[in-house]
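Encoded as C-alpha cells, the structure appears first; notes follow it.
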Amino acid sequence: MRERDISAGAPCWIDLNTADTAVVRDFYAGVFGWTAEEADPEFGGYFMFSRDGVPVAGCVPAMPDSPTNVWSVYLTVDNVAKTLESAGTAGGQVYVPSIVVGDTGTMAVIGDPGGAAIGLWQPEQFAGVGITGEAGLPSWFELHTRDYDAAVAFYREVFGWNIQVAADEPGFRYSTMMHGEDMLAGIADASPWGPDAPVGWAIYFWVDDTEAAIARVTELGGSVIHPAEDTPYGRLATVADPNGAPFKLMAANAQMPG
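Our numbering applies: residue 442 is where the sequence shown begins, and numbers increase by one.
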C-alpha cells in the first residue's frame with residue numbers, strides 16, 4: 442500500500458449510486474474484501490466501504506431522477522463555488538449544486554462539455570481515498586469521451602490539469618493528467634469506438650489475478666462485459682455488479698513497465 446496524490450485537481454473519491462444496497466454490500470465485500478459500514482439516514486442512507494479500517498468508496502441508494510447503478514469519480518477542489526463558476530464559463534453545466542456534507546466537506550456534480558458527470562469535493566474533515574497499490578483499491582481513473590478536444594481543454598482550464606499527450610494517431614488519442622512525474626488520470630477519445638460504446642468516467646480496481654476476480658464477480662451474481670486481455674497497462678477486464686454498475690479490473694502482467 443502506498444499514498445496516492447489527492448491534491449487539488451486529482452481524483453480523490455468514488456461512490457456508487459445503486460438500486461439495491463443490500464446486494465452490493467455483500468457483492469463488493471466478496472470481490473474486494475471490503476467492509477460495508479452502517480448507513481447514515483441523515484445523508485440519504487449513504488454509507489462507506491472500508492478496507493482494513495480505511496474508507497475506500499461510498500455508496501448511496503438511488504434517488505428519483507438520478508443516475509442509477511453507476512460509479513462516480515470526484516476531483517479535489519479548493520473552492521466548490523469558484524469551480525462551478527469556472528465550469529460554466531468553460532462549457533460545462535451544473536448537475537448537482539454545492540451541498541455541505543456535515544463537517545466532512547462540500548460536494549457538487551458538474552457535466553463536462555461531452556456530458557460526462559464529474560464530482561467536486563472540497564475537503565474539510567475528510568480528504569478522500571489517499572491509498573493505492575494493493576488489491577481492492579482504486580488504481581486508475583479514465584474519462585471516455587466523444588468530445589476529446591473539448592474535454593482536454595475543459596479539464597485543463599477548470600481543474601488546472603497538466604495534460605500530457607500519450608498518443609495522438611488515427612483511432613487512438615489519449616492524454617494523461619500529470620502532477621510532477623505522477624500520472625493521476627486519463628482522457629481517451631471514444632469516438633472511434635462506435636456509437637454504442639459507453640462514455641463517461643471509468644474506475645479501475647487493482648486485483649492480484651484478473652481471472653480469479655472475474656470468477657468471483659460471476660459467482661456473486663455479477664457479469665462480464667469484456668473478458669480479460671493483456672495490454673501494455675496490465676491485464677484488464679470490464680465487469681458489472683449484480684445491479685449492472687460497470688467497473689474495471691486491473692492486474693499486473695509481463696507487458697507492464699518494470
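The beta-carbon is built from N, C-alpha and C at its ideal position, and this holds for glycine as well.
If you compare the alpha carbons of Ile559, Gly546 and Thr573 with that of Val535, the shortest gap goes to Ile559.
Here the alpha carbons of Val472 and Ala654 stand approximately 7 Å from one another. Excluding its 5 nearest sequence neighbours in each direction, Val541 has C-beta neighbours in its own chain below 8 Å: Thr547, listed in chain order.
When C-beta atoms of the segment 613-624 are compared with those of the segment 654-674, fewer than three pairs fall below 8 Å, so the two segments do not count as touching.
The count of Cβ pairs closer than 8 Å, one atom from the segment 625-637 and one from the segment 581-599, reaches three, so the stretches are in contact.
Sequence-distant Cβ neighbours of Arg676 in its own chain, meaning closer than 6 Å and more than five residues away, are Thr651, Ala669, Ala692 and Asn694. Going by C-alpha positions, Thr462 is about 8 Å away from Cys500.
Per DSSP, Asp467 is one residue of the alpha helix (DSSP H) stretching across Thr462 to Phe473.
DSSP, reduced to helix, strand and coil, places Ser527 within a helical segment of the structure shown. Annotation for Val570: Arg445, Ile447, Cys453, Trp454, Ile455, Val495, Pro496, Val497, Ala498, Leu578 and Pro579 place their beta carbon closer than 8 Å to its own, counting only its chain and skipping 5 residues before and after. Contact between Asp588 and Gly555 is confirmed by a C-beta separation of about 4 Å, below the 8 Å threshold.
For Ala686, same chain residues with a beta-carbon under 7 Å away, outside a window of 5 residues either side, are Leu457, Thr459, Asn510, Val511 and Trp512 in chain order. A check of alpha carbon separations from Val606 across Asp467, Gly574 and Asp630 identifies Asp630 as the nearest.
The three-state secondary structure of Glu444, taken from DSSP, is strand.
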